[in-house]
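Numbering (the numbering used here), first residue to last: 65 to 232.
Heads up, the beta-carbon is just placed ideally off N, CA and C, and yes, glycines get one too.
Note that the coordinates shown come from a computational prediction; the quantities given were computed from them, not determined experimentally.
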């Protein structure tokens, strides 16, 4: 019998690899966002899988300016997100099919690719998913997996939501 954990959480690549954030995005609160989320997952022996960073892979560079969703919402980028979402979806389904459990998928609020609930647009705050996250959620809607948006400015709210799923 194996002692390995049978629980998984998929996270945005930038949650533990800050260099994948667009230039100027990482601020002082980033460390306070990373540590409690990742520490909770580690303390609960949950397997952590980084999802690919759609923006960095599309630009093929770690050096990029922040761009809003309207600049990314183009045919080429959407096709790119579709391919990445398909790959992640295959992983999620394979894990589930093998008797393991994906207990959550995390996104990063305000990200044009990975936001779950809210993003700033030219028209103010808009309730919507990011381009990658929207495609991924459609591909795994046959599974009952909570999708949580991590909000760096309101990390305690995000952390409480995750704690409900993984347990304190």
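- For residue 160 and residue 98, the gap between their C-alpha atoms comes out near 26 Å.
- Contact check between the stretch 190-208 and the stretch 148-167: three or more CB pairs, one atom from each, fall below 8 Å, which counts as touching.
- Annotation: residue 126 is outside any beta strand (DSSP E) and is labelled neither H nor E by DSSP.
- Secondary structure of residue 111 (DSSP, three-state): strand.
- The stretch 125-208 is shown to contain whole beta strand (DSSP E) runs of 3 or more residues at 165-172, 182-185, 188-191, in chain order.
- Judged by beta-carbon spacing, residue 79 lies beyond the 8 Å limit of residue 168, meaning their Cβ atoms are not closer than that value.
- Under the 10 Å beta carbon count, residue 127 is surrounded by fewer than 16 other beta carbons and is classified as exposed.
- Excluding five sequence positions before and after residue 175, the CB atoms of its chain that fall closer than 6 Å to its own CB belong to 194, given in chain order.
- Distance from residue 231 to residue 108 at the Cβ level is roughly 7 Å; contact confirmed, criterion being Cβ atoms closer than 8 Å.
- Looking from the CA of residue 145, the closest CA among 130, 177, 218 belongs to 177.
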